[in-house]
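Asks: Just so you know, the protein sequences line up as chains A and B, in that order. So the first sequence is numbered by full-length UniProt numbering: it starts at 1 and just counts up by one. So the second sequence is numbered by full-length UniProt numbering: it starts at 1 and just counts up by one. Think of the CB as a built atom: it goes at the ideal place given N, C-alpha and C, for glycine as much as any other residue. Quick one: structure below, then a few questions.
There are 2 protein chains.
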Amino acid sequence: MTSNINNDPTARMKSYIERIAAGPKMSKNLTEQEAEDALSLILNQSVSETRAAVFLIAARMKLETLEENIGYWRALHATCENVSVPLPRLLQIADPFDGVTRWPYFGFYAIPLIAALGLPVYGHSSAPAAPKFGVTFEELLIGHYQIPASPVEAARDRRLAALEQFQFSYLSLRHTHPLLDRMASLRSEIVKRTTLSTLEKLLIPLKAEENFLASTYFHKGYEVPMTAIAALAGFDTTVIGNGMEGTSLYGVHKPARLFRAVGQNPAEEILFDAGKTFAPETAKKIASACAEIKNLPATAPAIVQFGEEALESGSGPAAPLIACQAAALSVLFNQFDDYQKAYDACMDRLKDGGVFESLQGYLQFLKNE
Amino acid sequence: MTSNINNDPTARMKSYIERIAAGPKMSKNLTEQEAEDALSLILNQSVSETRAAVFLIAARMKLETLEENIGYWRALHATCENVSVPLPRLLQIADPFDGVTRWPYFGFYAIPLIAALGLPVYGHSSAPAAPKFGVTFEELLIGHYQIPASPVEAARDRRLAALEQFQFSYLSLRHTHPLLDRMASLRSEIVKRTTLSTLEKLLIPLKAEENFLASTYFHKGYEVPMTAIAALAGFDTTVIGNGMEGTSLYGVHKPARLFRAVGQNPAEEILFDAGKTFAPETAKKIASACAEIKNLPATAPAIVQFGEEALESGSGPAAPLIACQAAALSVLFNQFDDYQKAYDACMDRLKDGGVFESLQGYLQFLKNE
Chain A
1 MTSNINNDPT
11 ARMKSYIERI
21 AAGPKMSKNL
31 TEQEAEDALS
41 LILNQSVSET
51 RAAVFLIAAR
61 MKLETLEENI
71 GYWRALHATC
81 ENVSVPLPRL
91 LQIADPFDGV
101 TRWPYFGFYA
111 IPLIAALGLP
121 VYGHSSAPAA
131 PKFGVTFEEL
141 LIGHYQIPAS
151 PVEAARDRRL
161 AALEQFQFSY
171 LSLRHTHPLL
181 DRMASLRSEI
191 VKRTTLSTLE
201 KLLIPLKAEE
211 NFLASTYFHK
221 GYEVPMTAIA
231 ALAGFDTTVI
241 GNGMEGTSLY
251 GVHKPARLFR
261 AVGQNPAEEI
271 LFDAGKTFAP
281 ETAKKIASAC
291 AEIKNLPATA
301 PAIVQFGEEA
311 LESGSGPAAP
321 LIACQAAALS
331 VLFNQFDDYQ
341 KAYDACMDRL
351 KDGGVFESLQ
361 GYLQFLKNE
Chain B
1 MTSNINNDPT
11 ARMKSYIERI
21 AAGPKMSKNL
31 TEQEAEDALS
41 LILNQSVSET
51 RAAVFLIAAR
61 MKLETLEENI
71 GYWRALHATC
81 ENVSVPLPRL
91 LQIADPFDGV
101 TRWPYFGFYA
111 IPLIAALGLP
121 VYGHSSAPAA
131 PKFGVTFEEL
141 LIGHYQIPAS
151 PVEAARDRRL
161 AALEQFQFSY
171 LSLRHTHPLL
181 DRMASLRSEI
191 VKRTTLSTLE
201 KLLIPLKAEE
211 NFLASTYFHK
221 GYEVPMTAIA
231 ALAGFDTTVI
241 GNGMEGTSLY
251 GVHKPARLFR
261 AVGQNPAEEI
271 LFDAGKTFAP
281 ETAKKIASAC
291 AEIKNLPATA
301 PAIVQFGEEA
311 LESGSGPAAP
321 LIACQAAALS
331 VLFNQFDDYQ
341 KAYDACMDRL
351 KDGGVFESLQ
361 GYLQFLKNE
């Protein structure tokens with residue numbers, strides 16, 4: 001116990017803000033333990049909304065140390081769902097929780113395809129959140145497919161049961177982290193992204209025997225704390241990259257710098273460029289699909305229309321992008337060892353309509369109870 | 001009109017926060033006009049408390065440009081009382097509005113003494129405010145002397161009438177700037193000082209023919225925007241210094257660096273050291289008074305006890321400090337041309353008890369209506 005860790009939450013938060021909000025030259029760092037305490041106070045609503053917002057924006061403006069990021073993550077981890085699932089391997093796809101607004105993104109439809117390739121997978125997201133309020137996995141499920149959202153516990157249990165049955169699912173912060181989910185309106189008041197936007201993509205609400213994470217970084221440099229924390233979280237293999245509009249659709253709009261970390265080892269940097277990784281004919285299809293979708297609106301109806309078209313018959317502009325994303329992740333997480341072979345397998349699965357049926361079955365399953 | 005100045009206050013504030021809160025390397029500056037708009041939105045409660053707090057802490061952590069400070073000051077100035085008073089000259093003493101907590105400070109009692117030397121003067125302060133919540137002029141008046149605080153308009157009118165009658169008075173933000181006064185609890189939630197702490201000391205609620213300001217800076221560097229803004233405000237002569245516990249009792253606990261600006265001219269730096277400025281015997285008295293009061297509590301009862309003792313008979317540890325402060329300000333604002341002569345005049349006034357009677361008369365006057 002140090003003199004700063006006293007029993008008065010208000011005094012503790014005051015002391016943390018005094019230190020981190022002193023400006024570009026005079027701000028002091030918190031210890032890992034202090035950072036964990038600070039975010040715990042915020043999550044548990046032991047301090048006012050205003051003071052929580054002041055802390056969060058100051059923590060970001062100061063720039064977090066690795067110790068602080070680990071402390072903040074520990075506070076989130078301690079209050080996150082922690083469910084063991086009887087699967088040998090499980091991939092979490094964690095795209096930015098504020099969704100996409102510039103280009104339609106079909107990651108929602110890549111998820112059942114990845115499962116069809118033999119790798120169990122779930123998407124972790126939330127209702128559209130600040131600052132972008134774009135389309136998320138959850139927005140497609142609730143807003144478009146009208147999956148029942150409440151009662152929350154029953155909905156969560158159904159999503160988990162569906163994962164075992166279909167080998168893929170989607171989870172929301174509502175299910176995995178109610179305390180963080182409750183902070184959505186406060187985070188909207190803060191305007192800017194805070195450390196929460198980085199760390200919510202590193203939660204591990206489900207635990208299989210082997211755990212994989214595919215996620216994203218906003219700015220170069222964040223891959224360092226992100227891969228360190230993902231290892232701490234228990235992910236056996238983590239890939240962090242800067243894909244299209246910040247998603248895990250890597251390397252289609254420009255070459256992506258991926259950071260792939262296995263266990264506690266330092267991350268290996270991989271330059272992933274769809275234009276060079278796949279055979280020329282495939283690369284051309286991906287490039288022209290990419291050019292085509294840039295003219296489509298990033299709305300749920302457009303995403304659903306082209307996503308379903310791809311899953312039904314392997315046709316339309318979404319198909320090469322969905323196959324590219326699924327193929328890349330399958331290789332990065334050792335399900336395939338060759339990108340083009342993985343891509344071909346993806347196109348076969350899309351063309352036979354089996355993935356579409358699987359998604360329909362999943363949606364029916366969620367609606368039936 | 002630029003594209004950022006649209007009619008939606010929420011969108012405007014969002015855009016301002018996006019720019020200033022991007023962190024140590026990527027934050028952008030606001031124009032003077034944008035800064036004025038931002039603080040106007042906050043003062044008028046056109047944005048949420050949380051968003052106001054986020055803006056204010058981000059503005060400080062980023063460090064304000066001169067343009068931003070001027071813009072913020074313009075927003076405050078536009079919503080400040082603006083009363084002409086029929087006096088040839090008028091000095092405002094603006095010590096930090098969060099008061100003193102370390103050492104008893106007797107500036108409250110220096111004010112009637114300065115008036116007795118022939119320079120009309122008022123103290124501008126507020127109820128004890130964040131972050132220190134120390135003793136202020138207003139705390140002594142309301143908390144200790146039980147001067148009626150409401151109805152606010154009647155109280156303000158009485159304070160103004162008393163200025164003409166007694167040649168000194170005290171005003172609160174409650175009277176001079178209700179919109180800023182209303183932000184006290186929000187400012188307390190922010191924990192750290194914001195630009196408001198600097199700029200409230202540069203308001204000019206009363207205007208005489210010639211206007212003087214004695215105020216203070218927290219950190220070296222602030223004297224530049226402060227003297228620039230004071231000139232803009234219409235102060236003919238401004239002195240900014242770092243006195244005891246950040247007050248305008250300059251040069252007693254250590255040599256003070258004063259910045260004295262006349263009109264629009266650049267400030268002249270003056271090293272003011274009571275130990276060298278006054279005759280040795282006087283310097284010794286000031287030094288031993290300073291040593292003595294450091295052992296006294298910085299509470300209203302202690303301040304009143306020793307302050308009144310000084311005014312009644314020129315005795316006790318507060319007397320040399322009150323005389324030193326009044327003498328320094330009298331010379332800095334050209335009422336006297338010699339520090340020692342001014343000090344001797346001060347001690348004469350204290351010893352004859354006239355200043356005490358004047359303060360009693362002032363307090364009676366405020367109570368009688």
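What number of angstroms, rounded off, separates the C-alpha of E358 (chain A) from the C-alpha of A115 (chain A)?
Replies: What you label residue 358 (chain A) is simply residue 358 of the first sequence in a count that begins at 1. What you label residue 115 (chain A) is simply residue 115 of the first sequence in a count that begins at 1. The residue you asked about is not Glu; residue 358 (chain A) is Ser in the sequence shown. Roughly 10 Å separates the two Cα atoms.
Asks: Would you be able to state if there are at least three C-beta pairs under 8 Å between the segment 103–114 of chain A and the segment 59–77 of chain A?
Replies: no
Asks: Just confirm the distance between the C-beta atoms of A38 (chain A) and M61 (chain A), as a whole number of angstroms; I'd bet it's less than 8 Å.
Replies: For the purposes of this step, residue 38 (chain A) is taken as residue 38 along the first sequence, with counting starting at 1. For the purposes of this step, residue 61 (chain A) is taken as residue 61 along the first sequence, with counting starting at 1. Not really, about 15 Å apart at Cβ, beyond 8 Å.
Asks: Closer than 9 Å, CB to CB, is I42 (chain B) near chain A or not?
Replies: For this step, residue 42 (chain B) is matched to residue 42 along the second sequence. I42 (chain B) does not count as touching chain A.
Asks: Does any CB atom of chain B fall closer than 9 Å to the CB of E49 (chain A)?
Replies: As a first step, residue 49 (chain A) must be located in the first sequence, where it is residue number 49. So, interface residue.
Asks: Counting pairs of beta carbons, one from the segment 314–330 of chain A and one from the segment 343–354 of chain A, are three or more of them closer than 8 Å?
Replies: yes
Asks: Assuming I293 (chain A) and L321 (chain A) form a contact by the criterion Cβ under 8 Å, report the distance between their Cβ atoms to the nearest whole angstrom.
Replies: In the first sequence, counting from the first residue as 1, residue 293 (chain A) sits at position 293. In the first sequence, counting from the first residue as 1, residue 321 (chain A) sits at position 321. About 7 Å; that satisfies the 8 Å criterion.
Asks: Could you round the C-beta distance between T216 (chain B) and F333 (chain B) to whole angstroms and report it? I think they count as a contact, below 8 Å.
Replies: Start at 1 with the first residue of the second sequence, and residue 216 (chain B) comes out as number 216. Start at 1 with the first residue of the second sequence, and residue 333 (chain B) comes out as number 333. 15 Å between Cβ atoms; not a contact.
Asks: Answer yes or no: does any C-beta atom of chain A fall closer than 9 Å to that of A58 (chain B)?
Replies: Position 58 of the second sequence, counting from 1, holds the residue named residue 58 (chain B). Closer than 9 Å to some Cβ of chain A, the Cβ of A58 (chain B) qualifies, so yes.
Asks: Compare the beta carbon distance of R187 (chain B) and A129 (chain B) with 9 Å and say whether it is the shorter of the two.
Replies: Taking the first residue of the second sequence as position 1, residue 187 (chain B) is located at position 187. Taking the first residue of the second sequence as position 1, residue 129 (chain B) is located at position 129. Closer than 9 Å, so yes.
Asks: According to DSSP, K207 (chain B) sits in a beta bridge with which residue or residues?
Replies: Walking along the second sequence from the start, residue 207 (chain B) turns up at place 207. According to DSSP, K207 (chain B) bridges with B:S84.
Asks: Roughly how many angstroms lie between the CA atoms of R158 (chain A) and V54 (chain A), to the nearest whole one?
Replies: Working through the first sequence from its first residue, we reach residue 158 (chain A) at position 158. Working through the first sequence from its first residue, we reach residue 54 (chain A) at position 54. Using only the alpha carbons, I get a separation of about 38 Å.
Asks: Cβ closer than 7 Å: which chain A residues qualify as neighbours of G23 (chain B)?
Replies: Within the second sequence, residue 23 (chain B) is the residue found at index 23, counting from 1. By Cβ distance, chain A contributes R60, M61, L63.
Asks: Below 8 Å on the Cβ atoms is my guess for I20 (chain A) versus A58 (chain A); work out the distance and round it to an integer in Å.
Replies: For the purposes of this step, residue 20 (chain A) is taken as residue 20 along the first sequence, with counting starting at 1. For the purposes of this step, residue 58 (chain A) is taken as residue 58 along the first sequence, with counting starting at 1. Indeed, because the Cβ distance is near 5 Å, the residues count as touching under 8 Å.
Asks: Shorter than 9 Å from the beta carbon of E36 (chain B) to some beta carbon of chain A?
Replies: As a position in the second sequence, residue 36 (chain B) is number 36, starting the count at 1. Closer than 9 Å: no.
Asks: Can you tell which of B:A342, B:E139, B:S248, B:P178 has its C-alpha closest to the C-alpha of R156 (chain B)?
Replies: Position 156 of the second sequence, counted from the start, is the residue given in the question as residue 156 (chain B). Among B:A342, B:E139, B:S248, B:P178, the Cα nearest to that of R156 (chain B) belongs to B:P178.
Asks: So is A129 (chain B) in contact with chain A if we call contact Cβ pairs under 9 Å?
Replies: Counting from 1 along the second sequence, the entry for residue 129 (chain B) is found at position 129. Cβ-Cβ to chain A under 9 Å: no for A129 (chain B).
Asks: Whose C-alpha, out of B:I190, B:E153, B:E81, is nearest the C-alpha of K132 (chain B)?
Replies: Locating residue 132 (chain B) in the second sequence gives position 132, counting from the first residue. Looking at the Cα atoms, B:I190 is the closest of the given residues.
Asks: Taking only beta carbons into account, state which residues of the segment 177–190 of chain A come closer than 8 Å to chain B, listed in chain order.
Replies: L186, E189, I190
Asks: Of the residues that make up the segment 3–19 of chain B, which ones have a beta carbon closer than 7 Å to any beta carbon in chain A?
Replies: Within the segment 3–19 of chain B, the residues whose Cβ lies closer than 7 Å to some Cβ of chain A are K14, I17, E18, listed in chain order.
Asks: Relative to the alpha-carbon of M26 (chain B), which residue among B:E34, B:E32, B:I17 has its alpha-carbon at the smallest distance?
Replies: Along the second sequence, read from residue 1 onward, the residue named residue 26 (chain B) stands at position 26. Closest by alpha carbon: B:I17.
Asks: Using a Cβ-Cβ cutoff of less than 6 Å, which residues in the same chain neighbour T101 (chain B) once the five nearest sequence positions on both sides are dropped?
Replies: Counting from 1 along the second sequence, the entry for residue 101 (chain B) is found at position 101. Cβ neighbours of T101 (chain B) beyond the five flanking positions: K132, G134, A298.
Asks: Any beta-carbon of chain A closer than 9 Å to the one on V224 (chain B)?
Replies: Here residue 224 (chain B) refers to the residue found at position 224 when the second sequence is read from its first residue. Output row for V224 (chain B): interface = no.
Asks: Just by C-beta distance, which residues in the segment 315–343 of chain A are closer than 8 Å to chain B?
Replies: none
Asks: According to DSSP, simplified to helix, strand and coil, what is Y170 (chain A)?
Replies: For the purposes of this step, residue 170 (chain A) is taken as residue 170 along the first sequence, with counting starting at 1. In this structure, Y170 (chain A) counts as strand in the three-state DSSP scheme.
Asks: Can you tell me where the beta strand (DSSP E) holding S125 (chain A) begins and where it ends?
Replies: Position 125 of the first sequence, counted from the start, is the residue given in the question as residue 125 (chain A). Segment 121–125, the beta strand (DSSP E) holding S125 (chain A).
Asks: Measuring CB to CB, does A94 (chain A) end up less than 9 Å from A184 (chain A)?
Replies: Here residue 94 (chain A) refers to the residue found at position 94 when the first sequence is read from its first residue. Here residue 184 (chain A) refers to the residue found at position 184 when the first sequence is read from its first residue. Against a cut-off of 9 Å, the Cβ pair of A184 (chain A) and A94 (chain A) comes out as no contact.
Asks: Could you give the uninterrupted runs of the alpha helix (DSSP H) lying entirely in the segment 101–154 of chain A, keeping only those of 4 residues or more?
Replies: 107–116
Asks: How long is the line joining the alpha carbons of T282 (chain A) and D352 (chain A), rounded to whole angstroms?
Replies: Walking along the first sequence from the start, residue 282 (chain A) turns up at place 282. Walking along the first sequence from the start, residue 352 (chain A) turns up at place 352. For the pair T282 (chain A) and D352 (chain A), the Cα-to-Cα distance works out to about 19 Å.
Asks: Is H219 (chain A) buried or exposed, if buried means 16 or more other CB atoms sit within 10 Å of its CB?
Replies: Position 219 of the first sequence holds residue 219 (chain A). Classification for H219 (chain A): exposed.
Asks: Just to confirm, are G275 (chain B) and A289 (chain B) a CB contact at a threshold of 9 Å?
Replies: Start at 1 with the first residue of the second sequence, and residue 275 (chain B) comes out as number 275. Start at 1 with the first residue of the second sequence, and residue 289 (chain B) comes out as number 289. For G275 (chain B) and A289 (chain B), no; Cβs fall outside 9 Å.
Asks: Kindly list, in the order they appear in chain B, the residues whose Cβ is closer than 8 Å to that of K351 (chain A).
Replies: To locate residue 351 (chain A), count along the first sequence from 1; it is residue 351. Residues of chain B passing the Cβ test: none, with the nearest at roughly 45 Å.
Asks: Checking 9 Å against the spacing of the C-beta atoms, do D181 (chain A) and L173 (chain A) come in under that value?
Replies: The residue given as residue 181 (chain A) occupies position 181 in the first sequence. The residue given as residue 173 (chain A) occupies position 173 in the first sequence. Cβ atoms of D181 (chain A) and L173 (chain A): closer than 9 Å.
Asks: E138 (chain A): which of A:S169, A:A161, A:E36 sits nearest, CA to CA?
Replies: Within the first sequence, numbered from 1, the residue matching residue 138 (chain A) stands at position 138. Checked all of A:S169, A:A161, A:E36; the closest Cα to E138 (chain A) is A:S169.
Asks: What does the Cβ neighbour count give for V47 (chain A), buried or exposed, with the cut at 16 atoms within 10 Å?
Replies: Walking along the first sequence from the start, residue 47 (chain A) turns up at place 47. With 16 or more other Cβ atoms within 10 Å, it is buried.
Asks: For the candidate residues A:I270, A:L163, A:T194, A:T227, whose alpha-carbon lies nearest to that of A208 (chain A)?
Replies: Within the first sequence, the letter at position 208 stands for residue 208 (chain A). The shortest C-alpha separation from A208 (chain A) is found at A:L163.
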